[in-house]
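Numbering (the working numbering), first residue to last: 10 to 488.
Below: the structure, in structure tokens.
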Ligand code: ARG
């Protein structure tokens, strides 16, 4: 361990102080390591300091500590902040968690005022405050990244609004769609993900501070004041609930799981689109890797990794849900296990979004292959049925007629549009020369011209709608 600054000679001094003289022997070395959280909760250090500063200011305004104490606490915390930011802070496992590490250092720096900071507070409301503050900032970054990804996909949709590709159901060629329309489907998914994040943020952004250990405190505290100072939208209204529920962590990992599930669906498509059997797209080389044995290989490692990482974020959700299940009121040490899954979900989602923002901007659709694939498999059969129905043939009858037309074409090994007018007419006399217009891929996509349809005109309208939304987000200072 580094010794950049000189903590007390006995590192356990502060911890022993925290529990006073109740104990006759020190905690076993293994137990210390088993129950510690500082190795992972130190990443909430700045949130912890922010919470402490707000608490100290409130204690002072309420007459619980003196102006001098507050000034000392501020000075000490400023130094600790510097030490943490410059990597000089000496984190000690023996001090268990981020809270006791910072408090011990504060007391070492400023003496008794440091020991007064914990008046009217417990680590139980302190940790709940920290994790909410920390998560709030991360949610904002995730929301911004989701916005970036949407922008990249909308730009793809704009460029490829007219690019025809096969639309699939059951992985069978169904009807032609445009590549732009396909991209916009994901823009919708990521928009709901964004909404979910913003919605759950409101429930994250409530202040547990003042709940103390579980029942509140005997000091004349002002919970509204600390909530305001910390930018919380509201105060948790029940102290037992405030220190003991992590439902916001479940909500967050659930929303993070949905982000990853959507990314995983997209990944699956990118993977098969890259396969030689499809050759629908190229990914930028820097997002692919080779094989150590097969020199010809170019593997879509990033989408595959993302598809795999989806499972770990869903695992984080399971961890959070199981952590809460059956947990009695109020705080229990089990709750320390809330941090790693939440942090893991944050890191995984952010890394994944970062990769996808850059990668999706570089996706190059292979227009000729997409078109070829769209033409195979009679994708305009529904258009022919609609054509007959428009001329008075009941749709079910039209469906049956077209089924027979498709059978003839497939026996011949040709497309429907390759059959002569005479041959087509032999199936139904309502068919005339203009039938060939609906049998083309262009005719097929252009005719699905309503809100949500795949017509290039509609894709462009959607692109314009999204661009307006991005503009107003920017004007509001957010993505
Ligand atoms: N490290 C603990 C956690 O993460 C802080 C709260 C501990 N409270 C207690 N009473 N032991 O939950």
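Just so it is clear, CB atoms sit at the ideal spot from N, CA and C, and this is done for glycine as well.
- Hey, how far is the Cα of residue 467 from the Cα of residue 161? Separation of residue 467 and residue 161 (C-alpha to C-alpha, rounded to the nearest whole angstrom) is 19 Å.
- Message: Taking 8 Å as the limit between beta carbons, can you name the residues of its chain near residue 59, skipping five residues before and five after?
- Response: Contacts found: 142, 239.
- Message: Quick test of the definition: if touching needs 3 or more C-beta pairs under 8 Å, does the stretch 335-355 touch the stretch 395-409?
- Response: Verdict: no, contact absent.
- How is the alpha helix (DSSP H) around residue 354 delimited, first residue to last? Residues 348-370.
- Considering only the beta carbon of each residue, do residue 448 and residue 425 sit closer than 8 Å? Annotated as proximal: residue 448 and residue 425, with beta-carbon spacing under 8 Å.
- Around the Cβ of residue 43, are there at least 16 other Cβ atoms within 10 angstroms (buried) or fewer (exposed)? Exposed.
- Query: Excluding sequence positions up to five away, which residues of its chain have a Cβ less than 7 Å from the Cβ of residue 374?
  - Reply: Here the set comprises 169, 172, 188, 289, 290.
- Reducing DSSP to helix, strand and coil, say where residue 133 ends up. Of the three classes helix, strand and coil, the one that applies to residue 133 here is helix, per DSSP.
- Label residue 460 either buried or exposed according to how many other C-beta atoms from any shown protein chain fall within 10 Å of its C-beta, with 16 as the threshold for buried. Per the 10 Å Cβ criterion, exposed.
- Secondary structure of residue 90, DSSP reduced to three states: Correct three-state label for residue 90: helix.
- Considering only residues of the same chain and omitting the five flanking positions on each side of residue 445, which have a CB-CB separation below 7 Å? Result list for residue 445: 426, in chain order.
- Does the distance from the C-beta atom of residue 134 to that of residue 80 stay below 8 Å? The answer is no: Cβ separation not under 8 Å.
- Euclidean distance between Cα positions of residue 429 and residue 283: Rounded to the nearest angstrom, the two C-alpha atoms are 37 Å apart.
- Hey, is residue 43 close to the ligand ARG, as in C-beta under 7 Å from one of its heavy atoms? Outside the cutoff, so no.
- Under the criterion of a Cβ to heavy atom distance below 7 Å, does residue 291 qualify as lining the ligand ARG? No, since every heavy atom of the ligand ARG falls outside the 7 Å radius drawn around the Cβ of residue 291.
- Query: At what residues does the alpha helix (DSSP H) containing residue 465 begin and finish?
  - Reply: Going by DSSP, residue 465 is part of the alpha helix (DSSP H) stretching over 465-484.
- At which residue ranges does the stretch 214-256 contain complete beta strand (DSSP E) runs of 3 or more residues, listed in the order of the chain? With a minimum length of 3 residues, no continuous beta strand (DSSP E) run stays inside the stretch 214-256.
- Proximity test, residue 110 beta-carbon vs the ligand ARG heavy atom, cut-off 7 Å: Answer for residue 110: no, Cβ out of range of the ligand ARG.
- Task: For residue 5, collect the residues of the same chain with a Cβ closer than 8 Å to its Cβ; drop the 5 residues on either side in sequence, then sort them by chain order.
- Result: In the structure as shown, the chain starts at 10 and stops at 488, and residue 5 therefore has no counterpart that could be examined.
- Residue from 278, 292, 359 with nearest C-alpha to residue 147: Ranked by Cα distance from residue 147, the options 278, 292, 359 are led by 359.
- Item | Straight-line Cα distance separating residue 95 from residue 376 | Going by the C-alpha atoms only, they are around 52 Å apart.
- Reference residue 206; option with closest CA among 260, 419, 136: Measuring from the Cα of residue 206, the nearest candidate turns out to be 260.
- Message: For residue 320, count the other beta carbons within 10 Å of its own beta carbon; 16 or more makes it buried, fewer makes it exposed. Which is it?
- Response: Exposed, since its Cβ has fewer than 16 Cβ neighbours within 10 Å.
- Item | Cβ contact (3+ pairs, closer than 8 Å) linking the stretch 263-276 and the stretch 195-205 | Using a C-beta cut-off of 8 Å, the stretch 263-276 makes contact with the stretch 195-205, since at least three inter-stretch Cβ pairs fall below that distance.
- Verify the contact flag: residue 136, CB atom, against every heavy atom of the ligand ARG, threshold strictly below 7 Å. Shortest gap from the CB of residue 136 to any heavy atom of the ligand ARG: under 7 Å.
- Query: Sorry if obvious, but does the Cβ on residue 332 come closer than 7 Å to a heavy atom of the ligand ARG?
  - Reply: When distances are taken from the beta-carbon of residue 332 to the heavy atoms of the ligand ARG, even the shortest one reaches 7 Å or more.
- Query: Under the rule that 16 or more other beta-carbon atoms within 10 Å means buried, what is residue 419, buried or exposed?
  - Reply: Result: exposed.
- Could I get the ranges of all uninterrupted beta strand (DSSP E) runs contained in the stretch 133-193, with 3 residues as the minimum, in chain order? Runs found: 173-178, 181-187.
- Item | Residue burial classification, residue 85 (beta-carbon count within 10 angstroms, cutoff 16) | Looking at its Cβ environment, which holds 16 or more other Cβ atoms inside 10 Å, residue 85 is buried.
- Query: With DSSP run on the structure shown, which of helix, strand or coil describes residue 373?
  - Reply: In this structure, residue 373 counts as strand in the three-state DSSP scheme.
- residue 318, buried or exposed, once every other Cβ within 10 Å from all chains shown has been counted against 16: Buried, because 16 or more other Cβ atoms sit within 10 Å of the Cβ of residue 318.
- residue 551, buried or exposed, once every other Cβ within 10 Å from all chains shown has been counted against 16: This structure leaves residue 551 out entirely; the chain is present only between 10 and 488.
- Message: Going by beta-carbon coordinates alone, are residue 476 and residue 152 separated by less than 8 Å?
- Response: In terms of Cβ geometry, residue 476 and residue 152 do not form a close pair [threshold 8 Å].
- Message: According to DSSP, simplified to helix, strand and coil, what is residue 291?
- Response: Three-state DSSP puts residue 291 in a strand.
- Query: What did DSSP end up calling residue 11 once you bin it into helix, strand or coil?
  - Reply: Below a pLDDT of 50, predicted positions are generally treated as unreliable, and residue 11, at 42, falls in that range; no measurement from the model is reported.
- Query: Would you call residue 93 buried or exposed, if buried means 16 or more other Cβ atoms sit within 10 Å of its Cβ?
  - Reply: Result: buried.
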